[in-house]
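Engineer: Have a look at the structure that comes next, please.
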Ligand code: F6P
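Numbering (the working numbering), first residue to last: 2 to 324.
And the structure:
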């Protein structure tokens with residue numbers, strides 16, 4: 002492969018706090034190495050439509066601490082078709098992009114793999130608050146989302162304790178229970194429901210509350226991952242059965258915003274740096290990952306085959322801590 006002179010960068014899929022820190026790192030590492038950088042707006046949509054502009058080190062000044070993504074993001078249907086990918090590759094060539102850094106989740110990486118097959122070497126940086134990308138121990142945004150959820154749930158707990166009420170709180174995670182499980186432990190939930198594990202409402206939700214009442218508990222926190230059930234009927238049924246006043250709250254997209262935590266800024270900085278260094282060393286079609294607590298990169302195809310699952314030990318920890 003010829004020496005890379007120009008790198009493109011885009012963010013795709015759901016935004017995640019720390020994406021800006023990753024963009025900044027990509028841009029600055031490239032500029033430090035005298036490489037031209039082209040920013041692509043609104044994910045693959047921008048690539049297909051040529052919404053592409055040159056970035057300098059100053060384009061990313063004052064962005065490290067900002068949530069969201071300065072490049073904006075989108076979920077692009079057209080890019081899931083072979084024609085869309087071909088169009089994207091053509092536009093990348095027209096704008097002189099020799100290699101592309103894609104910051105996003107699983108779906109975004111599939112796009113990167115297709116682009117690579119069309120002759121635009123791509124490298125992925127994992128960023129999703131769901132932390133559900135199989136090949137990496139950590140995804141940018143997860144820690145910030147956890148902290149945002151923790152702040153909100155602690156507040157709900159204050160008022161629930163004062164009134165001896167129960168709270169049923171829905172956190173994000175359509176297919177993934179990482180946010181739910183981790184905040185359940187960190188915020189002292191009595192019950193946590195995640196999409197990965199089947200549950201029975203009577204025995205897994207109502208029973209621990211009734212038993213907890215007998216052990217002297219007077220208010221209860223139930224955390225439900227988005228994909229695991231509707232919190233409003235749950236709250237009604239809990240109130241009807243336990244006779245404890247119960248509220249339902251959906252935290253929603255609030256978990257996707259906000260200034261990234263130190264952890265997300267550091268990981269994002271290291272991942273952006275690693276992605277560009279890998280490209281400059283001729284390593285293409287890779288995914289940047291955290292493996293054994295270290296940022297590194299692996300082959301994209303192998304990365305897709307790695308699945309991760311919720312640890313039963315962590316599920317047990319959540320249960321024991323609720324006793
Ligand atoms: O992938 C991150 C995520 O926040 C999921 O937890 C959630 O199900 C989904 O995105 C929501 O997507 P949208 O912003 O398109 O509603």
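All residues carry an ideal CB built from backbone N, CA and C; glycine is no exception. On a predicted model such as this, the values are computed, not experimentally measured, just so you know.
1) Kindly indicate which three-state DSSP category residue 125 falls into: helix, strand or coil?
2) Assuming residue 60 contacts residue 85 under a Cβ cut-off of 8 angstroms, what Cβ separation, rounded to an integer in Å, is found between them?
3) For residue 322, count neighbouring C-beta atoms within 10 Å of its own C-beta (all shown protein chains included) and say buried if the count is 16 or more, exposed if not.
4) Using only the alpha-carbon positions, how far apart do residue 222 and residue 255 sit?
5) Run the proximity test for residue 131: is its beta-carbon closer than 7 angstroms to any non-hydrogen atom belonging to the ligand F6P?
6) Let me make sure I understand the geometry here. Which of 63, 176 and 71 has the alpha-carbon closest to that of residue 130?
7) Need the endpoints of the alpha helix (DSSP H) that residue 219 sits in, please.
8) When DSSP labels each residue in this structure, what does residue 65 get in the three-state scheme?
9) Compute the Euclidean distance between the alpha carbons of residue 169 and residue 216, then round it to the nearest angstrom.
10) Please classify residue 1 as buried or exposed, where buried requires at least 16 other C-beta atoms within 10 Å of its C-beta.
11) What three-state label does DSSP hand residue 171 in the structure shown?
12) Could you tell me which whole alpha helix (DSSP H) segments of length 4 or greater appear in the segment 240 to 303?
13) When every heavy atom of the ligand F6P is checked, does at least one fall within less than 7 angstroms of the C-beta of residue 166?
14) To which residues does DSSP link residue 96 through a beta bridge?
15) Which class does residue 210 belong to by DSSP, given the choice of helix, strand or coil?
16) Per DSSP, which residues does residue 40 bridge with? Please list them.
17) Note down, in chain order, each residue of its chain lying with its Cβ closer than 6 angstroms to the Cβ of residue 213, except the 5 sequence neighbours on either side.
18) Do residue 3 and the ligand F6P come close, with the Cβ less than 7 angstroms from some heavy atom?
19) Does the segment 57 to 76 come into contact with the segment 9 to 16, if we say contact requires no fewer than three beta-carbon pairs (one atom in each stretch) closer than 8 angstroms?
20) Buried or exposed: which applies to residue 33, given that a residue is buried once 16 or more other Cβ atoms fall within 10 Å of its Cβ?
21) Residue 230: which of 194, 205 and 310 sits nearest, CA to CA?
22) Out of 63, 121 and 78, which one is the CA nearest neighbour of residue 46?
23) Three or more C-beta pairs under 8 angstroms: does that hold for the segment 145 to 154 against the segment 271 to 290?
24) Skipping 5 residues on each side, what residues in its chain have a beta carbon closer than 6 angstroms to that of residue 161?
25) I need the straight-line Cα distance from residue 225 to residue 102, nearest angstrom please.
26) Exposed or buried, residue 326, counting other C-beta atoms within 10 Å across all chains shown (16 or more means buried)?
27) Do you know how far the Cα of residue 240 is from the Cα of residue 180?
28) So what does residue 226 bridge to, in DSSP terms?
29) Give a yes or no on contact between the segment 200 to 207 and the segment 303 to 323, applying the rule of three or more CB pairs nearer than 8 angstroms.
30) Would you call the segment 110 to 120 in contact with the segment 22 to 32, where contact means no fewer than 3 C-beta pairs closer than 8 angstroms?
31) At a threshold of 7 angstroms, does residue 258 count as lining the ligand F6P (C-beta to nearest heavy atom)?
Structural biologist: Result, derived from the coordinates:
1) strand
2) Actually they do not touch by this definition, with Cβ atoms about 27 angstroms apart.
3) exposed
4) 19 angstroms
5) yes
6) 176
7) Segment: none, residue 219 is in no alpha helix (DSSP H) and carries neither H nor E.
8) In the structure shown, residue 65 falls within a coil segment according to DSSP collapsed to helix, strand and coil.
9) 20 angstroms
10) This structure cannot settle anything about residue 1, because the visible part of the chain is limited to 2 through 324.
11) strand
12) 263 to 281
13) no
14) DSSP lists no partner for residue 96.
15) In the structure shown, residue 210 adopts helical secondary structure according to DSSP, grouped into three states.
16) 10 and 54
17) 191
18) For the ligand F6P, no non-hydrogen atom lies closer than 7 angstroms to the CB of residue 3.
19) yes
20) exposed
21) 194
22) Comparing Cα positions, the closest option is 78.
23) no
24) 168 and 220
25) Between residue 225 and residue 102, the C-alpha separation is close to 34 angstroms.
26) The requested residue 326 is not part of the displayed model; the chain covers only 2 to 324.
27) Distance between the alpha carbons of residue 180 and residue 240: 25 angstroms.
28) 172
29) no
30) no
31) Answer for residue 258: no, Cβ out of range of the ligand F6P.
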